[in-house]
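Chemist: Same order as they appear, the protein sequences are chains A and B. Just so we're aligned, residue 1 is where the first sequence starts under this note's numbering, counting upward by one. Just so we're aligned, residue 1 is where the second sequence starts under this note's numbering, counting upward by one. Backbone N, C-alpha and C define an ideal beta-carbon position, used for all residues, glycine too.
There are 2 protein chains.
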Amino acid sequence: MAEREDGKREAILEAARSLVFHYGYRKTTMQDIARRAGVAVGTIYAFFSGKEDIALACAEKSKLAVVERMRRASAGDAPAPEKLRRMVLERNLAYHDIFKDTPHGMEIVTAVLPRKEELIKKFETMEREIVAAVIREGNAAGVFDVSEPEEAAETFLTAFYRFTPPMSIGLTAEEIRAGTARMVEMLLPSLLARPGGSGKP
Amino acid sequence: MAEREDGKREAILEAARSLVFHYGYRKTTMQDIARRAGVAVGTIYAFFSGKEDIALACAEKSKLAVVERMRRASAGDAPAPEKLRRMVLERNLAYHDIFKDTPHGMEIVTAVLPRKEELIKKFETMEREIVAAVIREGNAAGVFDVSEPEEAAETFLTAFYRFTPPMSIGLTAEEIRAGTARMVEMLLPSLLARPGGSGKP
Numbered sequence: 001m002a003e004r005e006d007g008k009r010e011a012i013l014e015a016a017r018s019l020v021f022h023y024g025y026r027k028t029t030m031q032d033i034a035r036r037a038g039v040a041v042g043t044i045y046a047f048f049s050g051k052e053d054i055a056l057a058c059a060e061k062s063k064l065a066v067v068e069r070m071r072r073a074s075a076g077d078a079p080a081p082e083k084l085r086r087m088v089l090e091r092n093l094a095y096h097d098i099f100k101d102t103p104h105g106m107e108i109v110t111a112v113l114p115r116k117e118e119l120i121k122k123f124e125t126m127e128r129e130i131v132a133a134v135i136r137e138g139n140a141a142g143v144f145d146v147s148e149p150e151e152a153a154e155t156f157l158t159a160f161y162r163f164t165p166p167m168s169i170g171l172t173a174e175e176i177r178a179g180t181a182r183m184v185e186m187l188l189p190s191l192l193a194r195p196g197g198s199g200k201p
Numbered sequence: 001m002a003e004r005e006d007g008k009r010e011a012i013l014e015a016a017r018s019l020v021f022h023y024g025y026r027k028t029t030m031q032d033i034a035r036r037a038g039v040a041v042g043t044i045y046a047f048f049s050g051k052e053d054i055a056l057a058c059a060e061k062s063k064l065a066v067v068e069r070m071r072r073a074s075a076g077d078a079p080a081p082e083k084l085r086r087m088v089l090e091r092n093l094a095y096h097d098i099f100k101d102t103p104h105g106m107e108i109v110t111a112v113l114p115r116k117e118e119l120i121k122k123f124e125t126m127e128r129e130i131v132a133a134v135i136r137e138g139n140a141a142g143v144f145d146v147s148e149p150e151e152a153a154e155t156f157l158t159a160f161y162r163f164t165p166p167m168s169i170g171l172t173a174e175e176i177r178a179g180t181a182r183m184v185e186m187l188l189p190s191l192l193a194r195p196g197g198s199g200k201p
């Protein structure tokens, strides 16, 4: 029963996502979403308070997928610097993938703008925690020497603002890949432990 | 004669700036601007093709002021790392100063959006060149060891996207100051020459 409910909710989200990506947020109506999802309009309102609420749930789902790609990239036993390289590249390309097939990128961003703050805070915390964990891992292995991993993780991620939406909408995958790679290399030396012990002033 | 013309152009820009900052872009009319500047509406059209053109000229003037503050911060004979610290802080606070007294920040940004690309390219190049010059100075002094100063300058500046408009609109001066300072310290080690000669791989 709960499973069938979940299935309906997913179908509504998937219908909304594909309609909004194809036709844009403003042109997509609740009727369109219901028809595509194969449910009655009233059923949608059992799950969501309205179109903005659906857009927010779509954004959450996308962001969760990004965080999952970061988690996967940070798993395993590669050296911490390599994990940071992979993870941030995975993250920025994951964001790119979400928007690459739609001409309505900015419209989608604008749709969730009124509730952007809660969304951003929640996922910023999740992303920061994943990066901080890798930094702590690097500290433990003696590769990094970072006194405040959470603060460092926040600054590290902030440096990639240009390569995440909505700023990155319009950049090619290649531009994101190259810009991200150069940024990582500019940030990493500050995290590294000096050979021969803690060389931090 | 040319001087009097310049004076009129400046008066129009100043009138537009103060009206747009106070009442917003949409609510400001060409009539308002003419009245405030003490000229006839026809006179405005001798200088500008319309409101968007005035907004663009205002944006250019603001950006030139930012670049000037960067130039001043990079003058003198402080060590190159210190110059970079000062320069990027001056820059980000200068951008903050422009928007801090207006509730219409995003509206102002949106006004020049259709011609944003040309504006951004022009000033990105100017900013990058100022930073690259300091990096070359640091190279010459043996403080830095950077093989591609222009590329490094671009990556360096990109890291501060979060602290420049429109992304920084809503941040306090203190948040910009703290975030900028932490970012500089995360970037600087990658530029430094290793003691005892070029240690770059």
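Give the residues of chain A in contact with residue 179 of chain B, contact being defined as C-beta atoms less than 8 Å apart.
Modeler: Ordered by position in chain A, the residues that pass the 8 Å Cβ test against residue 179 of chain B are 155, 158.
Chemist: Does the distance from the CB of residue 176 of chain A to the CB of residue 156 of chain A come in under 7 Å?
Modeler: It is not a contact, given that the beta carbons lie outside the stated cut-off.
Chemist: With distances taken between CB atoms, is the gap from residue 183 of chain A to residue 159 of chain A smaller than 7 Å?
Modeler: Their beta carbons are under 7 Å apart, which means residue 183 of chain A touches residue 159 of chain A by this criterion.
Chemist: Pick out whichever of A:161, A:144, A:66, A:51 has its Cα sitting closest to the Cα of residue 13 of chain A.
Modeler: The residue with the shortest Cα to Cα distance from residue 13 of chain A is A:51.
Chemist: Roughly how many angstroms separate the alpha carbons of residue 15 of chain B and residue 55 of chain B, rounded to a whole number?
Modeler: Approximately 11 Å between the Cα atoms of the pair.
Chemist: Would you please verify whether the beta carbon of residue 190 of chain B is less than 7 Å from any beta carbon of chain A?
Modeler: Residue 190 of chain B counts as touching chain A.
Chemist: Is it the case that the Cβ atoms of residue 120 of chain B and residue 70 of chain B are separated by a distance below 7 Å?
Modeler: Contact flag unset, no.
Chemist: Along chain B, which residues have their Cβ under 9 Å away from the Cβ of residue 64 of chain A?
Modeler: Per Cβ cutoff of 9 Å: no residues; residue 64 of chain A is ~23 Å from chain B at best.
Chemist: Using the C-alpha atoms, what's the distance from residue 62 of chain A back to residue 139 of chain B?
Modeler: Residue 139 of chain B and residue 62 of chain A: Cα-Cα distance of roughly 44 Å.
Chemist: Can you tell me where the alpha helix (DSSP H) holding residue 167 of chain B begins and where it ends?
Modeler: Looking at the DSSP string, residue 167 of chain B is not in any alpha helix (DSSP H), and its letter there is neither H nor E.
Chemist: In angstroms with no decimal places, state the Cα-to-Cα distance between residue 77 of chain A and residue 117 of chain B.
Modeler: About 43 Å.
Chemist: Determine the contact status of residue 83 of chain A and residue 143 of chain A, defining contact as a CB-CB distance below 7 Å.
Modeler: No; because the gap between Cβ atoms is not below 7 Å, this pair is not in contact.
Chemist: For the region 113 to 138 of chain B, list every residue whose C-beta sits within 9 Å of some C-beta in chain A, in sequence order.
Modeler: Of all residues in the region 113 to 138 of chain B, none has a Cβ within less than 9 Å of some Cβ in chain A.
Chemist: How would you call residue 125 of chain A, buried or exposed, if buried means at least 16 neighbouring beta carbons within 10 angstroms?
Modeler: Exposed is the call here.
Chemist: Please identify the residue among B:24, B:73, B:37, B:38 whose C-alpha is closest to the C-alpha of residue 103 of chain B.
Modeler: Cα-wise, what sits closest to residue 103 of chain B is B:24.
Chemist: Under 7 Å Cβ-Cβ, which residues of chain A neighbour residue 162 of chain B?
Modeler: 158, 161, listed in chain order.
Chemist: From the DSSP output, which residues share a beta bridge with residue 192 of chain A?
Modeler: For residue 192 of chain A, which the question treats as bridged, DSSP gives the partners A:144.
Chemist: Buried or exposed for residue 72 of chain B, please, with buried defined as at least 16 other CB atoms from any protein chain shown within 10 angstroms of its CB.
Modeler: That one is exposed.
Chemist: Determine, using beta carbons only, whether residue 11 of chain A and residue 37 of chain A come nearer to each other than 7 Å.
Modeler: Taking 7 Å as the Cβ cut-off, residue 11 of chain A and residue 37 of chain A qualify as a contacting pair.
Chemist: Near residue 199 of chain A, what residues of its chain come up, given a Cβ to Cβ distance below 6 Å and the 5 sequence neighbours on each side ignored?
Modeler: Any reading at residue 199 of chain A needs caution, since the residue's pLDDT is 44, under 50, leaving its predicted position unreliable; the model's value is listed next. The answer is none, since no qualifying residue turns up.
Chemist: Going by other Cβ atoms of all chains shown within 10 Å of its Cβ, with 16 needed for buried, is residue 19 of chain A buried or exposed?
Modeler: Looking at its Cβ environment, which holds 16 or more other Cβ atoms inside 10 Å, residue 19 of chain A is buried.
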